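Have a look at the structure below before the remarks.
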Amino acid sequence: MTIAPSNGLIWHAAQFFFLYAGAFGDTVFIRISLILAQILIFVWTVCGTPQWPDFANERAAFHPDAFVWCGLCIIIAAVPLFQQLAYRDSNTEFDCGSMTHMAEALWRNWFRRSGIPRSDFKKILDCGEWVELYPGSSVPMFSSAEQAEAAAAEETKTSYGDVYYYVVDGCLDCKAFYKDGERNFVARPGGFVDAMNLIGFLGQPTAALAMQMGHLDIKVSLNSSFSLIVPTLQDGYDSPRASTPPRTSPHGSALASPMLGNPGEALRRASGILGITRSSSGRLRRSPSAEFAKKGALLLRFHRKDLIEQVLCANGLASSALRLIVTQSTLDNLFCESITACQP
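Taken in order, the sequence shown gives residues 2 to 345; the numbers are from my numbering.
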C-alpha cells in the first residue's frame, strides 16, 4: 500500500470545521461549522478533488449527487440554526390580567436566582392560580374536599396533599406534625409552602419529608398584609407617544408597589399626595407606606397534575429552574428560622 499525497487546501479547511464542530458544545457553533464544512467538501469535490497545494484540476465537474447530499445536510442544520438565531425570548408576554405586573416582578426575581427564560417561566405561571386569602383563613392542601377526607381517613398519614403554594406576599403560620411532636414555623414571601413535599415531587426526596406525618396545617397570619405592583414612571412613558411601558432588563427592574389600574394615570394622580419624587434617572419613586397594604396574603397555587403535564413532561428549562428555585428558597427560609431561633 502506497501513501497518497495530501489533499488540497479546500479539503483541509473542511476538516478544520468538522474538528471545530466537535470541540464545542454550543449548538449554534456546531451547526455553523457543519454548514461551512459541507460547503467546502462540495466545492472540493466539484473542483476535481485536487491534491496539495492545488485548488482545482482537469477533473473538475459538477456532481449532482454531491449537490443533493450537501443541500440536505445544510437544510437539516440551517433550519434549527435560523430558529435559534431568530427566537426572541423577550417577546414572551405574561397575560395575568390585573396580576400581570406581579408576574413580571416574580419573573425578575426568579431570573436573578436561576436564569429561567420568560418562555419557561410562562409554563410554570400557566399552571398557577393567583389566590388572595384573608387573615386567619385556612390554606387547603388538597384539590378537593373528597381527597382531603380520604387523606384524613388514612392510618399511615403519608398523604401530603396535591397542592403547592408560593408565597408572593404576606405570611403564613404553618404547623408540621412528627412523631416527636409539632413544629411551628412561618412561610415568608419568596418561599414555597410544604417545600419538602414539592422538592420530593421534583425528584429530590428529603429525610424531613420522610419524618413528616401527613400534610401541613396552614393558616394566614393574623397580622399578614400584602401589596400589589405596577411599573414606575420613566422618561417618555407619560408622553402621548408612549402607549405601553418600556420593557426593562431583569437586572434593573422598574417595579414598585402597589397601585392597580393604568400605571401612567395612577402615578400622575398619586404624585402629589404620596411623596413621589423624580430621581435623576427619570423614574418615579415613592416612600414606603402601609396605607396601600391589604390584609391577608397573596399566593400562587399549583396543582400536582398541572405541573406534571405542563412543566415536568415539557421541553425546556422549566422543571430544572423550578427545582433550583424551590431548593434555594427552602434554604433561605431554614436560615431565617435558625437566625430567629438564635435571637434572645
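Ideal Cβ placement from N, Cα and C applies to all residues, glycine included. This structure is a prediction, so every number in the text was calculated from the model and none was measured.
Roughly how many angstroms lie between the CA atoms of residue i and residue j, to the nearest whole one?
i, j, result
"A196", "N334", "10 Å"
"A57", "A14", "15 Å"
"F227", "H102", "15 Å"
"E59", "V44", "14 Å"
"K296", "I31", "55 Å"
"A87", "I36", "18 Å"
"L301", "L308", "13 Å"
"A146", "H304", "14 Å"
"C128", "G192", "17 Å"
"G72", "D55", "25 Å"
"R324", "I77", "33 Å"
"S144", "V194", "15 Å"
"N224", "D174", "11 Å"
"K306", "N316", "17 Å"
"C97", "A104", "7 Å"
"W111", "F25", "29 Å"
"G23", "P81", "18 Å"
"A188", "Q205", "21 Å"
"M100", "Q311", "21 Å"
"D27", "P51", "33 Å"
"T93", "A294", "30 Å"
"T341", "Y166", "23 Å"
"D181", "E133", "34 Å"
Please classify residue i as buried or exposed, where buried requires at least 16 other C-beta atoms within 10 Å of its C-beta.
i, result
"Q213", "buried"
"K124", "buried"
"S244", "Reliability of the predicted coordinates at S244 is poor, the pLDDT of 41 falling under 50, and the value obtained from them is presented with this limitation in mind. Counting Cβ neighbours within 10 Å, S244 comes out exposed, since fewer than 16 surround it."
"S7", "exposed"
"C1", "The chain is shown only over 2 to 345; residue 1 falls outside these bounds and no answer can be derived."
"V327", "buried"
"Q85", "exposed"
"S339", "exposed"
"A322", "buried"
"L299", "buried"
"Y179", "exposed"
"I117", "buried"
"S170", "Here residue 170 turns out to be Asp, not Ser, going by the sequence shown. Under this definition D170 is a buried residue."
"A5", "exposed"
What does a CB cutoff of less than 8 Å around residue i pick up in its chain, not counting 5 residues either side in sequence?
i, result
"T46", "H64, A67"
"T207", "M197, I200, G201"
"F19", "S34, L35, A38"
"Q16", "A38"
"A79", "R32, I36"
"G137", "K220, V221, L223"
Taking residue i as part of the alpha helix (DSSP H), name the residues at either end of that continuous run.
i, result
"P113", "The sequence given here has Arg at residue 113, not Pro. Counting along the chain, the alpha helix (DSSP H) containing R113 begins and ends at 101–115."
"V69", "65–87"
"I309", "Here I309 belongs to no alpha helix (DSSP H), and DSSP marks it neither H nor E."
"L10", "10–24"
"F202", "196–202"
"W45", "28–47"
For residue i, which residues of its own chain have a beta-carbon under 6 Å away from its beta-carbon, when the five flanking residues on both sides are left out?
i, result
"M142", "G162, V164, H216"
"K176", "E183, N185, D218"
"Y135", "G297"
"E130", "R302"
"P190", "V168, D170"
"C337", "none"
At what residues does the beta strand (DSSP E) containing residue i begin and finish?
i, result
"L301", "298–304"
"C128", "It is not in any beta strand (DSSP E) - C128 instead sits in the alpha helix (DSSP H) that spans 119–128."
"A188", "182–188"
"Y166", "164–170"
"V221", "218–221"
"L173", "173–179"
Kindly give me the distance between the Cβ atoms of residue i and residue j, rounded to whole angstroms, as I take these residues to be in contact under 8 Å.
i, j, result
"V140", "K220", "7 Å"
"G9", "W53", "6 Å"
"R119", "D90", "5 Å"
"L41", "I75", "Not quite, the Cβ-Cβ distance comes to about 12 Å (not below 8 Å), so this is no contact."
"F95", "L126", "6 Å"
"S320", "L203", "7 Å"
"L318", "D121", "5 Å"
Among the residues of its own chain, which have a CB less than 7 Å from the CB of residue i, if the five just before and after it don't count?
i, result
"A61", "V47, C48, G49"
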